[in-house]
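Structure first, then comments.
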Amino acid sequence: MVPINTATIEDKLFRLNENIKFIDDVLKKSDKDILADRPLYYGLQHLLQISIEIIIDIGSHILSEKFSINPKTYADVIATLGEKNILDQKFAAEQAEMAKFRNMLVHYYDNLDDKKVLEYSHSAPEIFRLFGKAFNDFLKKSE
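Numbered as in our numbering, the sequence shown ends at 124 without a single skipped number.
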């Protein structure tokens, strides 16, 4: 096994934290104002997509390098992080759907339910913070 590249993970966590700040800033506006400002709304969608991809990238790296596991799907990455106790198992099971949300943003962008996107947006910052904490805790244990 190759050692975990902590610098890469730390860089990705920095970007995730920056994205969380941007999402928090957008969410200071009302849902109505966000939807009325289409560039802002599309930017929010992109921040959600990139943040989820960062989480999946970090998880994939940890599973591959630490456990020699290469999950088949993005949802499997999150579920396997729970199985390996990198994430709380209940949290991992609840968040495996995040991968489907990412796929919806990427592949079904022309048929998104604005209400669902905004609903997810409001819970995303805290969810992303919990992933970041779990990854930071993992790095500390791995030192």
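All C-beta atoms, glycine included, are put in the ideal place defined by N, C-alpha and C.
{"Check": "Cβ separation of Ile1 and Arg110, assumed to be a contact under 8 Å, to the nearest whole Å", "Outcome": "6 Å"}
{"Check": "Contact the region 9 to 22 vs the region 36 to 43: 3+ CB pairs below 8 Å", "Outcome": "no"}
{"Check": "Sub-7 Å separation of Asp95 and Leu16 beta-carbons", "Outcome": "yes"}
{"Check": "Closer than 6 Å: Asn84 CB and nearest the ligand ADP heavy atom", "Outcome": "Annotation note on the ligand ADP: not contained in the displayed structure, which lists no ligands."}
{"Check": "The region 50 to 59 / the region -5 to 12 touching (three or more Cβ pairs under 8 Å)", "Outcome": "no"}
{"Check": "Collapsed DSSP secondary structure at Thr54 in the structure displayed", "Outcome": "coil"}
{"Check": "Spatial distance of Lys81 from Glu124 (CA atoms)", "Outcome": "33 Å"}
{"Check": "Within 7 Å, strictly: CB atoms of Leu3 and Ile67", "Outcome": "Before going on, a small fix: residue 3 reads as Phe here, not Leu. Their beta carbons are not under 7 Å apart, which means Phe3 does not touch Ile67 by this criterion."}
{"Check": "Proximal residues to Asp6 (C-beta, below 6 Å), its chain only, five neighbours per side dropped", "Outcome": "none"}
{"Check": "Per-residue burial, Ser102 [other beta carbons within 10 Å of its own, 16 or more giving buried]", "Outcome": "buried"}
{"Check": "Local Cβ density within 10 Å of Ser104, reported as buried at 16 or more and exposed below that", "Outcome": "exposed"}
{"Check": "Proximity below 7 Å, CB of Ile35 to CB of Arg83", "Outcome": "no"}
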